[in-house]
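In what follows, a structure is listed as structure tokens, so that the remarks can point back to it.
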Amino acid sequence: MTKYLMAAATAALMLGAASASASADALKACWVYVGPIGDFGWSYQHHQGLEAVKKEFGDKVETAYAENVTEADSEKTFERFAREGCKIIYGTSFGFMEPMLKVAKKFPDVKFEHATGYKTADNLGTYNAKFHEGRYVIGQIAAKMSKTGTAGYIVSFPIPEVVAGINAFMLGAQSVNPDFKVKIVWANTWFDPAKEADAAKVLLSQGADILVQHTDSTAPLQVAQEQGKFGFGQASDQIKFAPKAQLTAIVDNWAPHYVRSVQAVLDGSWKPAQVWDGMAEGTVSMAPFTNLPDDVVKMAAETSDAIKTGKLNPFKGPVTKQDGTVVDAVDDGMILGMNWYVKGVDDKLPQ
Amino acid sequence: MNRLGVLIMRLEKRPERSAAMALASPFMALAMTVVTAAAIFALRGNNPFIALYVYFVEPLTALWSVEQLLVKASPLILIGAGLAVAYRANIWNIGAEGQLTAGAILAGAVPVFFTQWQSPLTLAVMIVLGIVGGMLWAAIPALLRNRFNANEILTSLMLVYVVQLMLDYLVRGPWRDPQGFNFPKSVTFADWQLLPYLTPGIHAGVLVSILLALLLGFMVSRTIKGFEITVSGLSPRAARFAGFSEKRTVLFCMMLSGGLAGLAGAFEISSVVGQLQPQISPGYGFAAIIVAFLGRLNPVGVIFAGLLLALSYIGGEAVQTALQIPDKITRVIQGILLFYILACDTLINYRVVFAAPVGGRT
């Protein structure tokens, strides 16, 4: 028994020594994920960003992460990372906003970046992506590929990012087929494969023949594959899960942002910013166009290039709202706070 | 051995129940849990000594993690103590998670509707409403049992989902923060709607939880009410002869445990969470069931059991961040712990006999 105790004590000492030496020269960067890194969607893509940071900086940076962190209980996770010597902490869910604000106030020397939030502090910045740029492209593809002229759209919560996504999709679709229709189901979840699959089945049975999703699992695509219909991957390239159904996917590529941000901390030039990158910066990109005829691939590639180079802005006015009023120019602020539909969306926005 | 060459295992009631073993059972269960955890870590390729140290010891070596531990233990102790009393009387309230949510909804109504009402009374009203919310929600299964003989295990459990959906509806709809960009959250509470802090990391609710558990311990062991509850559980027939009303005991135990769960809900939203949102508890109401059993259905024992279970959460996060062991390890260890406790308790009352089945047929 004494022998084991000694072994345990030695192990503990070694562990202490190991963590001390690691934190002495390496910068520690830490991630807090709301979902499992194996979701092959949102959290998975952020974790790919962590991997990219590891690859880019090698020994100069030490990384750590916590997955499946409950929003209600996340404050203690952020505090743990701040206490464990993390110099920059990334929180990747909107619900982490208040806990991050609290912990950032408590640890002024630690830097924080919050994905998709809107509150900032001296040591707390935000970062987000212009997902709607990709949605314009898939809108055009959907309008070309749909035989019934109707898409089924599975959405999570009526927050601006999601509403702007629906609008960009519709504007893209209408640029091809002005009479294009979209049916919407609110799943009220970011990740619930069973619920998302049910929503997908309902939409297909109501006459939609192409599925769009703003939820994170691969379930809707798999339903599309089973029924011989089409869909689009969400957050990451999900072609492995539906090789016959995925037309393309809007890929969130957080790696460039994380690499830039960690570099800035290393240089001492990090400042709290409100980063909002899109296709031009590589944060949003399209997965390879598959299961499509050549002319549609050509159109989608041209649209992507036009958005990337700034020649095309999906929200370039005038935009007609659902209630018939016309907005001449939609600026960034309006997109970030979007709470209205464009004309042609067959749904009432939950208020 | 029977004809098939199979050894038949049978449980046989022991003539006497060892009091010493009954006390030792939680410690034996804990020891076996630690050994099993070491085996799991080793199978994953982690050094089991380092992993066990990070899980069970390291959280106790720094002040901040001890503070986190106490804050995490507070709702577990509060709910577990109430459940322990109810379970003593054979009243199986499984719905503490829902009663916690009901308490949080009523308590949270104050900051949502009276945003500007700033008075020393604000917090007191929130806390009282929290208790009332939990009691009312627990009274439903009590009345259903007393009136219709409905099984409270089922009704209390199902009511969890009902009230969670009510909260979900409220924060997505009418109680949503008008300035919150449609996100499903209420307004964030102001300073005077939050619990005072005893140290930078420990809110006043922690102290109240421990005091209330001690008070319940006194009630169970030293008062007539406690005697009535214990007798009702051990022998309902004897309780009837003594003139104790079963219906009154059901109502009392459900409302006591529900009220404490509601109080835990009020404490959570006015400290750790600081607003209403779709999910306000990571399952405290269910984890507290383990706490009640681990604490030998004794409110004072529940204090230690609550601390231990809180350690399982904090340690689970520690091994995740330090050794990248998946977060599911917390649930695994809690499940193993409950399994061993139930096994130990069974084997204290029964012994295993290996024999051919009576009659020689299988």
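Same order as they appear, the protein sequences are chains A and B.
Going by the working numbering, the first residue of the first sequence is number 1, and it counts up by one from there.
Going by the working numbering, the first residue of the second sequence is number 1, and it counts up by one from there.
Backbone N, C-alpha and C define an ideal beta-carbon position, used for all residues, glycine too.
Model, not experiment: these values are computed from the prediction.
Cα-Cα separation between residue i and residue j, rounded to whole angstroms
i	j	result
residue 196/A	residue 102/B	28 Å
residue 51/A	residue 52/B	27 Å
residue 22/A	residue 85/A	Note that residue 22/A has pLDDT 46, beneath the 50 cutoff, so the model's placement of it is unreliable and no number is given.
residue 37/A	residue 338/A	29 Å
residue 236/B	residue 183/A	59 Å
residue 381/A	residue 247/A	For chain A, the structure presents residues 1 to 351; residue 381/A sits outside this window and is missing.
residue 137/A	residue 191/A	24 Å
residue 114/A	residue 348/B	53 Å
residue 243/A	residue 229/A	12 Å
residue 77/A	residue 315/B	12 Å
residue 328/B	residue 117/B	42 Å
residue 220/B	residue 295/B	14 Å
residue 231/A	residue 250/A	11 Å
residue 28/A	residue 129/B	44 Å
DSSP beta-bridge partners of residue i
i	result
residue 130/B	Its beta-bridge partners do not exist; DSSP assigns none.
residue 185/A	154/A
residue 252/A	284/A
residue 98/A	Paired residues: none, contrary to the question.
residue 320/B	Looking at the DSSP assignment, residue 320/B forms no beta bridge with any residue, so it has no partner.
residue 333/A	In DSSP, residue 333/A forms no bridge with anything.
residue 321/A	342/A
residue 257/A	BP columns for residue 257/A are empty, so no partner.
residue 112/A	89/A, 124/A
residue 235/A	251/A
Option in the options with minimal Cα separation from residue i
i	options	result
residue 83/A	69/A, 327/A, 64/A, 35/A	64/A
residue 96/A	118/A, 239/A, 107/A, 109/A	118/A
residue 180/A	112/A, 132/A, 149/A	149/A
residue 301/B	79/B, 39/B, 164/B	79/B
residue 34/B	290/B, 336/B, 219/B	336/B
residue 188/B	29/A, 164/A, 330/A, 99/A	99/A
residue 142/A	336/A, 319/A, 291/A, 315/A	291/A
residue 248/B	114/B, 145/B, 197/B	145/B
residue 226/A	204/A, 212/A, 235/A	204/A
residue 162/B	278/B, 130/B, 76/B, 124/B	278/B
residue 22/B	293/B, 108/B, 285/B, 240/B	293/B
residue 35/A	29/A, 43/A, 324/A	43/A
residue 116/A	302/A, 307/A, 33/A	33/A
Three-state secondary structure assigned by DSSP to residue i
i	result
residue 56/B	helix
residue 62/B	coil
residue 353/B	strand
residue 134/A	helix
residue 210/A	strand
residue 344/B	helix
residue 172/B	helix
residue 23/A	Because residue 23/A sits at a pLDDT of 47, beneath the cut-off of 50, its placement in the model cannot be relied upon, and the following sentence gives the value as read from the coordinates. Helix, per DSSP.
residue 83/B	helix
residue 195/B	coil
residue 277/A	strand
residue 270/A	coil
residue 129/A	strand
residue 63/A	strand
residue 13/B	strand
residue 56/A	helix
residue 33/A	coil
residue 90/A	strand
residue 311/A	coil
residue 297/B	coil
residue 291/B	helix
Residue i at chain A interface by Cβ criterion, 8 Å
i	result
residue 281/B	yes
residue 360/B	Its pLDDT being 46, under 50, residue 360/B is placed unreliably in this model, and the coordinates cannot settle the point.
residue 188/B	yes
residue 184/B	yes
residue 133/B	no
residue 15/B	no
residue 275/B	yes
Proximity test, Cβ basis, 8 Å: residue i and chain B
i	result
residue 154/A	no
residue 54/A	no
residue 135/A	no
residue 70/A	yes
residue 77/A	yes
residue 337/A	yes
residue 95/A	yes
residue 168/A	no
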